[in-house]
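K.L.:
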Amino acid sequence: MKIGYPCVNWSIGCTSNKKFRIKSFSEEKFNSTVKNNLECLDKIVDYNIEHNLLFLRISSETIPFASHDICKIDWQNNFKKELEQIGKKLKQNNFRVSMHPGQFTVINSPNEEVVRKSISELQYHSDFLNLLQVDNTAKIQIHVGGVYGNKDAAIERFIKVYNSTPKEIKDRLAIENDDKHYSVDDCMIIFNKTEIPIILDNFHLECLNNGESLLEAYNLIENTWGKDHGVPMLDYSSQQPSARIGKHADHIDIQHFKEFMKIMKGKDADIIFEIKDKERSVLEAKKYL
DNA sequence: CCATGTCAAGGTCAC
DNA sequence: GTGACCTTGACATGG
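To convert, note that position 179 of the first sequence is 179 in full-length UniProt numbering; the numbers rise steadily by one, no gaps.
Listed below in structure tokens is the structure:
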């Protein structure tokens with residue numbers, strides 16, 4: 001079991017998320033920002049080696065505007081060496097990585113332009129992971145998307161667009177059950193037609209389910225991870241007390257986590273802690289484990 | 001220099 | 001039809 005946190009480390013004094021306004025886009029600004037972000041990503045990797053946190057979600061903002069029409073810069077070649085070196089370090093230390101494009105990546109949208117931009121965004125993620133030279137156990141995690149008043153049709157659109165993407169994208173995609181619209185059962189419908197692996201999010205499951213328990217949900221998604229995909233990825237979090245339902249906790253609720261681990265006992269999965277204080281909570285979880 | 005308005009992108013829901 | 005929310009900090013403008 002590998003554990004980790006998403007994108008940002010608050011302890012090391014830099015972020016691999018640095019960005020700038022589109023109005024100030026220039027080659028120089030782009031290059032200096034990417035350089036900063038990759039140097040910081042390297043530091044995050046070092047930190048994680050030191051603390052034995054070997055599952056890392058890499059920020060989608062590492063290469064700002066990478067998929068935007070404004071970006072004509074050949075970052076793939078310009079930063080090839082840096083990415084290769086980070087990738088080598090990942091491999092030497094037996095890391096697993098993932099990326100999670102944001103809410104604007106919606107491949108089942110009825111709007112063709114939205115779909116085009118979404119695929120372009122997936123291509124960027126795929127390029128990035130390919131340049132790290134990580135295998136297909138490194139996943140690009142997305143949500144199914146919108147419902148548009150007809151979930152069956154929306155699921156059909158998802159499958160159709162998924163099938164139309166290049167193999168390198170298909171091989172890396174994974175879908176996650178969300179907290180409002182697409183449950184584990186909905187994801188399973190998609191899996192049955194695409195074999196796309198499913199990332200189980202325990203907190204989203206608490207928010208939206210069809211009566212299945214955590215264990216039942218896990219047993220459903222476990223077999224969606226074929227041998228080339230690696231062991232299942234899980235997102236772990238819990239409700240932030242006295243906040244909107246669905247709001248992720250600021251800090252780990254260790255009691256909740258103990259219950260979670262009791263249920264997951266003996267299961268082999270890699271877990272990302274979607275908790276706001278990031279490495280701090282993960283280290284606490286690790287201490288417990 | 002500092003305060004604060006604003007930031008590429010979509011979808012859903014409350015009103 | 002419009003605006004808040006997700007998430008969210010930090011960029012960058014203008015006083």
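The beta carbon of each residue, even a glycine, is placed where N, CA and C say it ideally should be.
How about Ile245 and Cys207: are their beta carbons less than 8 Å apart?
P.N.:
By one-based count along the first sequence, residue 245 stands at place 245. By one-based count along the first sequence, residue 207 stands at place 207. Going by C-beta atoms, Ile245 is nearer than 8 Å to Cys207.
K.L.:
Whose C-alpha, out of Thr137, Glu112, Ser16 and Lys19, is nearest the C-alpha of Asn94?
P.N.:
Locating residue 94 in the first sequence gives position 94, where the first residue counts as 1. It is Thr137 whose Cα lies nearest to the Cα of Asn94.
K.L.:
Mind checking who Leu214 pairs with in its DSSP beta bridge?
P.N.:
Taking the first sequence and counting its residues from 1, the one referred to as residue 214 is at position 214. Beta-bridge pairing links Leu214 to no other residue.
K.L.:
Return helix, strand or coil for Ser16, following the three-state DSSP convention.
P.N.:
Here residue 16 refers to the residue found at position 16 when the first sequence is read from its first residue. Residue state, collapsed to three classes: coil.
K.L.:
Thinking C-alpha only, which one of Tyr218, Glu28 and Leu54 is nearest Pro6?
P.N.:
Indexing the first sequence from 1 puts residue 6 at position 6. Pro6 has its Cα closest to that of Leu54, out of Tyr218, Glu28 and Leu54.
K.L.:
Run the CB neighbour count on Gly87, radius 10 Å, all protein chains shown included, and call it buried at 16 or more, exposed below.
P.N.:
Taking the first residue of the first sequence as position 1, residue 87 is located at position 87. Classification for Gly87: buried.
K.L.:
As an exercise, report each continuous beta strand (DSSP E) stretch of at least 3 residues that is fully enclosed by the segment 109 to 148, in chain order.
P.N.:
139 to 143
K.L.:
Please confirm whether Tyr218 and Ile271 have their CB atoms less than 8 Å apart.
P.N.:
Here residue 218 corresponds to residue number 218 of the first sequence, with the count starting at 1. Here residue 271 corresponds to residue number 271 of the first sequence, with the count starting at 1. No, they are not a contact pair.
K.L.:
Taking three-plus beta-carbon pairs below 8 Å as touching, is the segment 144 to 163 in contact with the segment 181 to 188?
P.N.:
Touching, yes.
K.L.:
Could you tell me the alpha carbon to alpha carbon distance between Trp10 and Asp127, rounded to whole angstroms?
P.N.:
Reading the first sequence from its first residue, position 10 is the one you call residue 10. Reading the first sequence from its first residue, position 127 is the one you call residue 127. Spanning the two alpha carbons is a distance of roughly 27 Å.
K.L.:
Following the continuous alpha helix (DSSP H) through Ile86, name the residue where it begins and the one where it ends.
P.N.:
Taking the first sequence and counting its residues from 1, one reaches residue 86 at position 86. Start and end: Lys80 to Gln92.
K.L.:
If you draw a straight line from the C-alpha of Asp178 to the C-alpha of Ile58, how long is it?
P.N.:
Counting from 1 along the first sequence, the entry for residue 178 is found at position 178. Counting from 1 along the first sequence, the entry for residue 58 is found at position 58. Their Cα atoms are separated by approximately 20 Å.
K.L.:
Helix, strand or coil for Met188? Go by DSSP, reduced to three states.
P.N.:
Taking the first residue of the first sequence as position 1, residue 188 is located at position 188. In this structure, Met188 counts as helix in the three-state DSSP scheme.
K.L.:
Could you tell me which of Asp253, Glu212, Leu83 and Ile275 sits nearest to Leu38, measuring between CA atoms?
P.N.:
Counted from its first residue, the first sequence places residue 38 at position 38. Selected option, being the one with the closest Cα: Leu83.
K.L.:
Could you check what DSSP says for Val97 in three-state terms: helix, strand or coil?
P.N.:
The residue labelled residue 97 in the question sits at position 97 within the first sequence. DSSP places Val97 in strand when its eight states are reduced to three.
K.L.:
Assuming Met233 and Ser109 are in contact, meaning their beta carbons sit under 8 Å apart, how far apart are those beta carbons, in whole angstroms?
P.N.:
Taking the first residue of the first sequence as position 1, residue 233 is located at position 233. Taking the first residue of the first sequence as position 1, residue 109 is located at position 109. Going by Cβ atoms, the distance from Met233 to Ser109 rounds to 25 Å, so no, they are not a contact pair.
K.L.:
Expressed to the nearest angstrom, what Euclidean distance is found between the alpha-carbon atoms of Glu259 and Tyr124?
P.N.:
For the purposes of this step, residue 259 is identified with residue 259 of the first sequence, where counting begins at 1. For the purposes of this step, residue 124 is identified with residue 124 of the first sequence, where counting begins at 1. If you take the alpha carbons of Glu259 and Tyr124, they lie about 38 Å apart.
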